[in-house]
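Chains as they are written, first to last, in my numbering: chain A, 1 to 112; chain B, 1 to 112. C-beta: ideal position from N, C-alpha, C; glycine also. Everything numeric in this text was worked out from a predicted model, so none of it was measured. Structure first, commentary second.
Protein chains: 2
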Amino acid sequence: MYSSELVKGTLKTIVLKLLSENNQMYGYEITQKVKELTGNKIQITEGALYPTLHALENDGVVTTEVVNIGKRVRKYYKLTPQGKNNAMEKVNEFADFIQTMKFLLDIKPQLG
Amino acid sequence: MYSSELVKGTLKTIVLKLLSENNQMYGYEITQKVKELTGNKIQITEGALYPTLHALENDGVVTTEVVNIGKRVRKYYKLTPQGKNNAMEKVNEFADFIQTMKFLLDIKPQLG
DNA sequence: GCAAATGCATAATATTCTTATGTATCTTTG
DNA sequence: CAAAGATACATAAGAATATTATGCATTTGC
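Right, dumping it as structure tokens:
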């Protein structure tokens with residue numbers, strides 16, 4: 001687990017990227033996917049995720065579809081066309097940011 | 001300039017790294033150095049920097065020395081031994097974080 | 001049957017940054 | 001030499017975002 005401050009500000013980027021790869025996902029699925037892909041190094045809490053997803057919906061970045069699974073409810077999120085652009089931009093910006101930070105912090109290329 | 005959320009949480013790491021390379025620096029110098037090294041892509045505001053520096057001092061990570069330059073005052077910050085460890089840890093953690101994010105966001109190695 | 005996992009959500013609090021403001025000195029330029 | 005911009009500190013109000021706690025309900029695994 002990274003210190004929480006380090007991960008701050010990356011949530012939206014992570015969510016958008018996952019949605020751009022998976023057509024549609026529901027909240028809980030996103031938390032699990034991130035845990036799995038990062039080997040528990042990044043864990044998204046629900047208290048952070050749901051407000052973010054709602055904000056993305058308000059901004060027209062995602063649309064939602066509620067699906068009943070037995071008696072339970074799942075809320076699927078899917079990128080709008082605008083959201084797809086948004087996702088690419090965010091990821092590109094982060095890639096650029098990484099380059100800048102590597103230089104600034106004098107971080108050498110890592111093996112692996 | 002990156003979106004502000006992107007840079008969130010990196011301030012302490014940046015400051016500690018610069019201090020670990022420069023023996024002692026003052027606040028304004030730090031803001032200028034970061035601007036210069038990043039080609040204006042990252043700009044540290046004073047409203048964010050000074051509270052952070054004061055917190056680092058409270059935590060025993062840095063010590064300060066006030067120097068008079070003419071009639072003006074400069075406050076130099078210098079890492080304590082604990083602060084040096086702290087700096088290394090922060091930078092290593094960030095390097096690790098970058099690797100994780102590159103994988104998660106599927107970012108390819110960049111040229112340059 | 002009970003604990004853990006799945007699945008949504010919100011509210012209080014904490015943290016951190018932005019923006020604005022304040023004070024003062026020094027340097028550059030027209 | 002006056003004014004603007006740079007240097008140099010600092011704090012405070014407000015915004016944004018995350019943490020922690022809580023709540024509810026269903027389903028799965030032991």
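Using beta-carbon distances, GLU5(A) counts as an interface residue toward chain B, with a partner under 8 Å. Taken through DSSP and simplified to helix, strand or coil, LYS35(A) comes out as helix.
Positions of the beta strand (DSSP E) runs, each at least 3 residues long and wholly inside the segment 21 to 103 of chain A, are given as 62 to 69, 72 to 79 in order along the chain. Put simply, the CB of ALA95(A) is near chain B, with a gap under 8 Å to one of its CB atoms. Counting only Cβ-Cβ distances below 9 Å, VAL91(B) has contacts in chain A at LEU105, ASP106, ILE107, in chain order. Secondary structure at LEU11(B): helix, using DSSP grouped into helix, strand and coil. Residue THR10(A) holds the alpha-carbon nearest to the alpha-carbon of GLU5(B) among THR10(A), SER4(A), VAL66(A). By the beta-carbon neighbour count (other beta carbons within 10 angstroms, threshold 16), ASN86(B) is buried. Taking a contact as a CB-CB distance under 8 Å, the pair THR64(B) and GLU46(B) does not count as one, their CB atoms being some 16 Å apart. Taking a Cβ-Cβ cut-off of 9 Å, the neighbours of ILE42(B) in chain A comprise PHE97, THR100, MET101, LEU104, given in sequence order.
Judged by their CB atoms, LYS90(B) and LEU37(B) are not nearer to each other than the 8 Å cut-off.
DSSP, reduced to helix, strand and coil, places LEU16(A) within a helical segment of the structure shown. Listed along chain A, no residue sits closer than 8 Å to GLY60(B) by beta-carbon distance, the nearest being about 18 Å off.
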